[in-house]
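Q: In the numbering used here, the protein residues as written are 457 to 718.
We treat Cβ as the ideally placed atom computed from N, Cα and C, and that holds for glycine.
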Ligand SMILES: Nc1ncnc2c1ncn2[C@@H]1O[C@H](COP(=O)(O)OP(=O)(O)OP(=O)(O)O)[C@@H](O)[C@H]1O
Ligand SMILES: [Mg+2]
C-alpha cells in the first residue's frame, strides 16, 4: 500500500518531513572524527508544531542544518513532503540571528521576496504587515544595531515568515531574551502558526517553552544525538503553565532529559 493510501485510511495529515536512520559524522584533518547524530528517525506531519529539547552539543543545530539542506547526512534518508523545496518555501531562523546589518528592518524582511522577484510595492506591503504582527511597527527604517535583542529576534521571525514558508525551522530563536519577552514571543508565534498553518520544527533548551509551543516534544539523547523519547502534548492552547498536567509533563520531560528512567 502506498503512503497516500495509508494516510487516507488513517485520516492523517500528509507528511511534511521524514527522516530514517539519519546519521552525521564530522571529520577534521587534525582532530578525531566526531559522531554528531546517530539513527535519527522522525516523521512530522503537515501543520504540526514539533519542539526538540536536548543538552548542549547533542546535535540539534546539526539536525536542522541537514533538514534545511545546509549540510548533508552521512547515513540514512531525509525526505521532504510534497511541494516542499529548499530555497523556495522552507525558512530557517538561526540560533544566532542573521539580519543583514547594512539593510533596514523593512528591507531585511522583504529580502526573500526581492530574491523571488516580487514587485516592490507588494514587498513593502507584505513586510509592513508582518512587522506590525510581530510588534515592530514604527521600526521599519531602523537598522539592526538600533534594535534590542528581542526586537532583532522579532525582525528575524518576520523575515522568515515573509516568504510564507510551509516549513519553518527555528533554532533556539528566543534564547537570548528575558522571560517576559520570551513569553510574548511564544504567544505571537503560536498565533502566527495558527493563522498560517505552517509546519514548525523548533529547537529549545527550555522545557517550559517546548511544552507551551509543541504538539509533540522530542527529547534528544546526549551526543551522538538521537531521539530518545517523545511526549505528545494534548493540552488546549493557550497553555496554562499552572495546570497539573503541564507541571506533570515538565517533570517527566526533565527526568527523560537527565537520562533517568521515567
Ligand atoms: N561544522 C562542524 N564541524 C565539526 N564539528 C561540528 C560542526 N558543527 C557541529 N559540530 C559538532 O557537532 C556536535 C553537535 O553540535 P550542534 O551545534 O549540532 O549541537 P547543539 O545541540 O545545537 O548544541 P547547542 O544546544 O549548544 O546549540 C558538537 O559536538 C559540535 O562540536
Ligand atoms: Mg545549537
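So, does the segment 555-572 touch the segment 529-536, judging by three or more C-beta pairs under 8 Å?
A: No: fewer than three Cβ pairs fall under 8 Å.
Q: Could you tell me the distance, in whole angstroms, from the CA atom of residue 642 to the CA atom of residue 660?
A: Between residue 642 and residue 660, the C-alpha separation is close to 12 Å.
Q: Should the segment 687-698 be regarded as contacting the segment 661-671, the criterion being three or more beta carbon pairs within less than 8 Å?
A: They touch, by the three-pair rule.
Q: Go ahead and label residue 704 buried or exposed: buried means 16 or more other beta carbons lie within 10 angstroms of its beta carbon, across all protein chains shown.
A: Its Cβ having fewer than 16 others within 10 Å, residue 704 is exposed.
Q: Taking buried to mean at least 16 other C-beta atoms within 10 Å of its own C-beta, is residue 649 buried or exposed?
A: Result: buried.
Q: When you measure from the CB of residue 711 to every non-hydrogen atom of ligand 2, does any distance come out below 7 Å?
A: For ligand 2, not one heavy atom lies less than 7 Å from the Cβ of residue 711.
Q: Work out the CA separation of residue 577 and residue 512 for me, nearest whole Å.
A: Cα to Cα, residue 512 sits roughly 43 Å from residue 577.
Q: Identify which residue in 674, 500, 609 and 542 has its Cα closest to the Cα of residue 468.
A: Of the candidates 674, 500, 609 and 542, the one whose C-alpha sits nearest the C-alpha of residue 468 is 500.
Q: Within a Cβ cutoff of 7 Å, which residues of the same chain sit near residue 693, ignoring the five residues on either side of it in sequence?
A: Counting only Cβ-Cβ distances below 7 Å, and skipping sequence neighbours, we find 646.
Q: Going by beta-carbon coordinates alone, are residue 708 and residue 702 separated by less than 8 Å?
A: Their beta carbons are not under 8 Å apart, which means residue 708 does not touch residue 702 by this criterion.
Q: Does DSSP classify residue 494 as helix, strand or coil?
A: In the structure shown, residue 494 sits in a strand (DSSP, three-state: E or B).
Q: Under the rule that 16 or more other beta-carbon atoms within 10 Å means buried, what is residue 486, buried or exposed?
A: Classification of residue 486: exposed, given that the 10 Å Cβ count is below 16.
Q: To the nearest angstrom, how far is it from the Cα of residue 550 to the Cα of residue 525?
A: Cα to Cα, the separation comes out at about 14 Å.
Q: So, under 8 Å CB-CB, residue 498 and residue 475 are touching, yes? Tell me the CB distance rounded to an integer number of Å.
A: With a Cβ gap of about 4 Å, residue 498 and residue 475 count as contacting.
Q: Determine the closest residue to residue 652 out of 691, 491, 502 and 484, with distance taken between C-alpha atoms.
A: Closest option to residue 652, Cα to Cα, is 502.
Q: When you measure from the CB of residue 679 to every non-hydrogen atom of ligand 1, does any distance come out below 7 Å?
A: Correct: residue 679 has its Cβ closer than 7 Å to ligand 1.
Q: For residue 715 and residue 706, what's the separation of their Cα atoms in angstroms?
A: Using only the alpha carbons, I get a separation of about 14 Å.
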